[in-house]
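In this text, residue positions in the sequence shown follow the working numbering: the first is 2, and each later residue adds one.
Every residue, glycine too, gets a C-beta built ideally from N, C-alpha and C.
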Amino acid sequence: MLRTQTSLSTWMQDRSMKWLVVLGLVAFSECIVKIPLRRVKPMRKTLSGKNMLNNFLKEHAYRLSQISFRGSNLTSHPLRNIKDLVYLANITIGTPPQEFQVFLDTGSSDLWVPSDFCTSPACSKHIRFRHLQSSTFRLTNKTFSITYGSGRMKGVVAHDTVRIGDLISTDQPFGLSVEEYGFENIPFDGILGLNYPEISLSGEIPIFDKLKNQGAISEPVFAFYLSKDEQEGSVVMFGGVDHRYYKGELNWVPLIRSGNWIIHMHSISIERKVIACSGGCMAFVDTGTAFIEGPKPLVDNMQKLIGAKPSRSKHYVSCSAVNTLPSIIFTINGIKYPVPGRAYILKDYRGRCYTTFQESPLSPSTEFWILGDVFLRQYFSVYDRGNDRIGLARAV
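What follows is the structure, given as structure tokens:
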């Protein structure tokens with residue numbers, strides 16, 4: 002998430018740069034576009050890991066396949082799932098199109114990629130937009146900056162044609178970074194925000210709103226399915242929902258207020274005992290955060306209850322005990338959403354098992370939690386801009 006000037010967004014966006022997130026490419030179903038995501042190594046990995054990633058992507062191109070679902074034509078890409086916590090996808094910008102790897106982030110609203118103007122070391126290690134090669138490019142004199150927990154960028158606003166799968170946004174405002182710090186070893190080129198326009202730090206219309214206004218999508222909704230293993234395909238879909246990706250019915254949760262993907266959560270419990278959010282709290286549903294984050298005292302207590310031991314920046318458990326760990330139950334709008342031990346435990350590069358609960362750097366006056374990819378891998382999520390609500394259902 003990003004830092005912004007508005008009161009609610011300020012403390013929401015000033016948090017750690019999530020190990021994150023999302024996307025991919027293509028599919029129409031009554032203007033439903035389904036886009037595959039790929040999961041890659043955490044950004045903490047070395048540059049050599051990033052180079053290995055790039056080589057892999059070059060050697061494993063997409064193979065398009067046509068499928069039919071409920072009488073509609075869907076174009077689906079098989080997932081290139083490299084590994085671990087970061088979900089990436091391709092978009093193109095310009096005429097002719099130039100391809101970039103970005104992650105889709107419900108915690109921010111701006112789209113940006115590196116530019117030819119940028120001389121920072123981070124830009125030289127990623128694909129930069131060649132503005133002179135695009136016949137539809139238009140530069141403005143408007144500048145902006147974004148500060149993340151793990152880096153920051155400064156950029157200039159430009160306009161060009163942006164494509165996400167079969168969706169095309171003409172004259173789309175986007176950011177071109179002219180300075181980047183802290184992004185040298187990340188495996189993506191830029192970020193595509195899917196939050197409300199109210200928190201856009203460039204002050205420009207986000208791509209989802211532009212697509213909606215242009216009539217490119219039939220309904221003002223998008224949805225995420227994040228795969229649980231290397232074989233399954235993660236997707237983001239625009240304009241509707243593919244019901245094959247979840248079980249049962251969608252449970253709709255109203256936003257606390259229009260303008261941000263924040264909902265009310267009733268409680269967090271373990272084995273019928275409430276351990277956090279006892280009087281109700283706020284929860285941010287964030288594809289841009291890999292873990293589940295909350296206030297330090299409550300997170301520390303949660304670690305203690307599941308028997309996790311601290312070591313440097315992580316809390317570890319015995320890998321042999323993972324299947325015996327209790328589920329953490331998040332109660333939202335009267336519905337219980339359990340996250341089992343096998344879902345909230347990951348392995349580090351040494352094969353040791355660590356928990357995915359982390360202290361949030363936010364310090365709001367009320368209790369606040371961030372439900373990131375650990376939660377969203379368990380629950381298919383739908384973001385309904387038309388009705389200011391989020392739908393949740395158990396992912397297949």
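- Separation of I263 and P221 (C-alpha to C-alpha, rounded to the nearest whole angstrom) is 18 Å.
- For R343, the three-state secondary structure derived from DSSP is helix.
- For V375, the enclosing alpha helix (DSSP H) starts and ends at 374–377.
- When DSSP reads this structure, T356 sits in a beta bridge with I346.
- Annotation: the continuous alpha helix (DSSP H) that includes N214 extends over 208–214.
- Scanning Q304, F285, I218 for the CA closest to the CA of G166 turns up I218.
- Taking the Cα positions, T107 is about 8 Å away from V286.
- Here R245 carries a helix assignment [DSSP, helix/strand/coil].
- Within the same chain, I206 come within 8 Å of N214 by CB-CB distance, once the 5 residues on both sides are set aside.
- Within the DSSP bridge table, the entry for H160 names R139, P174 as partners.
- In the three-state scheme derived from DSSP, where H, G and I count as helix and E and B as strand, S321 is classed as helix.
- DSSP, reduced to helix, strand and coil, places C124 within a helical segment of the structure shown.
- In this structure, S135 and G95 form a Cβ contact; the two beta carbons are roughly 3 Å apart against a cut-off of 8 Å.
- Annotation for V383: the continuous beta strand (DSSP E) segment containing it runs 380–385.
- L195 and K315 have their C-alpha atoms some 30 Å from each other.
- Judged by DSSP in its simplified three-state form, V237 adopts strand.
- Within the same chain, Cβ atoms closer than 7 Å to the Cβ of S110 are found at G194, N196, Y197, P198, I200, S201, P207, the five residues on either side in sequence being excluded.
- Here D349 has K315, Y355 as same chain residues with Cβ atoms under 8 Å from its own Cβ, once five neighbours each way along the sequence are excluded.
- Per the DSSP secondary-structure output, T107 pairs with nothing in a beta bridge.
- Between K211 and S178 the beta-carbon gap is near 20 Å, outside 8 Å, which marks them as no contact.
- With a cutoff of 8 Å on beta-carbon distance, I371 and V383 are scored as not near each other.
- Your pair D190 and Q102 checks out as a contact, with CB atoms roughly 5 Å apart and the cut at 8 Å.
- Boundaries of the beta strand (DSSP E) harbouring P311: 310–312, taken from the DSSP string.
- Per DSSP, P115 is one residue of the beta strand (DSSP E) stretching across 112–115.
- Distance between R139 and R378, taken at the CA atoms: about 39 Å.
- Membership of N302 in any beta strand (DSSP E) is not indicated; the residue belongs instead to the alpha helix (DSSP H) covering 297–306.
- Separation of the CB atoms of M238 and V87 is rounded to 20 Å, and the pair is thereby denied contact status at 8 Å.
- Comparing alpha carbon positions, the residue from K143, E294, G289, K274 closest to M283 is E294.
- In this model, G308 and V254 are separated by some 32 Å (Cα to Cα).
- Ranked by Cα distance from E180, the options F358, T93, S121 are led by S121.
- Two segments are said to touch when three or more pairs of C-beta atoms, one from each, lie closer than 8 Å; by this definition the stretch 258–272 does not touch the stretch 340–349.
- For R395, the enclosing beta strand (DSSP E) begins and ends at 390–396.
- In the structure shown, the three-state DSSP call for P97 is coil.
- Distance from S268 to T357 at the Cβ level is roughly 20 Å; contact not present, criterion being Cβ atoms closer than 8 Å.
- In the three-state scheme derived from DSSP, where H, G and I count as helix and E and B as strand, H132 is classed as helix.
- For W262, DSSP records no beta bridge to any residue.
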